[in-house]
Every structure is written in C-alpha cells, then in structure tokens.
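Comments concern the structure below.
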C-alpha cells in the first residue's frame, strides 16, 4: 500500500523561530512546493504566540515567516486552503482564550512566500470563530467549499460546518451536529465527500472514541452523531480521501479523555470508514506527537504533526498504484 516513505523536520534547533510550536497544517501545491503553517511562541496561549509559515521549494525548507493579526494576543490553529484561482488562504484563530477567539484570514499570491495583512472573516461574530477550526476545508462536487468548524464555549463543545459559495471568502453557518439525549462534547471535525452530496465527518470527543455524523445534502444538515470503534484521546485527528475512495486517518488511538498523545498512527479504510486497519506507526516513543494534518495529492500523502512541542514533523508517503 505504501511504496516509499520519508520523514523530516520542517525546522531544526538552529532554525526554529520560537521555543514552542503546535497545530500544523499542510498544503502541497501544483508546482511541487509544499506549504506548512503552525502556531508558535514561548508556550501555547502566551501573548507572543503568532502563526508561522514555511515553504519547501527546491527540496529545501525556507526560513519561516510570521503572520500576525496582533502581536500581543495569542494565535491558534492555522488552516491552509488553495483557491481555484491559485491564491492561498491562511485561516487562523485569534483570542486571549479559546471561548472568545475569532477567525482571521491572510492571503498569499506567491505560493506562500509573502502574506497580506490579516482580517477577521466574520467581524463581531459571537459563535466562537467561523470557518475551519483545525482541519482543512473540502471542495464539494458541486463547487461549494465546506469548512469543518466547532465552538468551545467552556465545556459546551459543539461541531458544525460552514458553507462557502465564493471559494472561501464568505460563510453561511449550518446547524450544530446533534449528539442525542446524552450530550457528547465534540470538536474539530474532519470531512470527506464519498459521493455527490454525501458528506461525512469524524470528530474529536471527550468520550474516549471518535464520533461520526453523515449528511445527504452537501453538509447543510447532519445526522445525529454516533460512536465509532475508533479510539480517541480527546486530541486532534485528520483524514483525507484518495482518488479511488480510500480513506487515510491520522490520530492517537488512545481511548482515554485527555489521554496520552502517543502513539500516532496512520489507518486506512477501504469501505468509507466502516472498518479501519493500521498501516503505519508514525511515532510511538514517549512524548507528545499530536494535532496531525494530512492531504492526499497525486498518489502521495503529505502528513505533518506536532513533535514534542519543539518541532513540526513532515512525512511524505508515496502510495502504490
């Protein structure tokens, strides 16, 4: 299934722009370059935490550049998105605390080298941030863009989706995903479309398992979320779909609320997420390996994640035909 694999760090001890880093996002470009972004500063939640971006071009990672909406307010969870016109959008959260953060946007017209002045995508919105919260947007078969969103008002964690008909500029908020009689705190969904209009999400939860919800109408309405057999440690996960319908999930398969963030594994499903098999252990040593991002493009998987809060790891996996 995996033909070749390689692992490297986006930066090392000498080129690290900050003491700590977390929450990476990855975007392979049509020209072969790879863009990676993360947040970094002294420590997560500190006022000096900004968003950073590095581009791999010509086989080498370029020096990271800073993107900030306010150098005195913590930044969180960047998400990269490539528009159809070739402009790269970088969404990220800004706020002193998670329950009051908003979503900001910066743009790059030169493949991630330079970035525009950020602005809030829905000014004054009180729904705890709009657009993608951690994982990537997906472009649906009808052209719409769907963002995996969630709110974190204290322990009232809710997942929902935002829909854009103008390739990520403006957003229409959809209803929260219901969880039944017993409330299940769940956030940071990851999305895929299995057939036209049929969209699905897997979510991080505080119940020891990944939950799933399904939509029959391009993500406008969602089924009541239900528990899967996939373990979850109440930490981030991400997945992507290849051009043959196979799914690839990166997560920490630990069934404990706030459980260990190791090991970090790659799983594959050939039946639209009904069953899964582990195909690669990315990390299994003591330490934190978390908040993965994964993108499939042209027969390859691009994976990034937090490596001990010190570095951003990058894997390139070439799949068999």
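Numbering (the working numbering), first residue to last: 74 to 394.
The beta-carbon is built from N, C-alpha and C at its ideal position, and this holds for glycine as well.
Please read all numbers here as calculations on a predicted model, not as lab measurements.
Below 8 Å between beta carbons: does that hold for residue i and residue j?
i, j, result
"residue 387", "residue 109", "yes"
"residue 389", "residue 79", "yes"
"residue 148", "residue 167", "yes"
"residue 113", "residue 130", "no"
"residue 179", "residue 191", "yes"
"residue 284", "residue 268", "no"
"residue 279", "residue 313", "no"
"residue 209", "residue 272", "no"
"residue 140", "residue 174", "no"
"residue 184", "residue 194", "no"
"residue 220", "residue 242", "no"
"residue 321", "residue 303", "no"
"residue 310", "residue 75", "no"
"residue 223", "residue 213", "no"
"residue 270", "residue 289", "yes"
"residue 294", "residue 251", "no"
What residues in its chain sit with their C-beta under 7 Å from that of residue i, if we drop five residues either side in the sequence?
i, result
"residue 225", "171, 172, 201, 260"
"residue 120", "145, 146, 147"
"residue 350", "340, 341"
Please classify residue i: is it buried, with 16 or more other beta-carbons within 10 angstroms of its beta-carbon, or exposed?
i, result
"residue 52", "Limits of the chain in this structure are 74 at one end and 394 at the other, which puts residue 52 out of reach."
"residue 356", "buried"
"residue 238", "exposed"
"residue 256", "exposed"
"residue 96", "buried"
Compare the Cα-Cα distances from residue i to each of the options and report the closest residue.
i, options, result
"residue 100", "154, 316, 314", "154"
"residue 215", "196, 199, 240", "240"
"residue 142", "111, 176, 348", "176"
"residue 263", "251, 253, 287, 252", "287"
"residue 377", "252, 323, 163", "323"
"residue 394", "384, 276, 371", "371"
"residue 326", "233, 306, 87", "306"
What residues in its chain sit with their C-beta under 6 Å from that of residue i, if we drop five residues either side in the sequence?
i, result
"residue 137", "90, 125, 127"
Mind the definition here: the segment 357 to 365 touches the segment 330 to 340 only if three or more C-beta pairs lie below 8 Å; say whether that holds. yes
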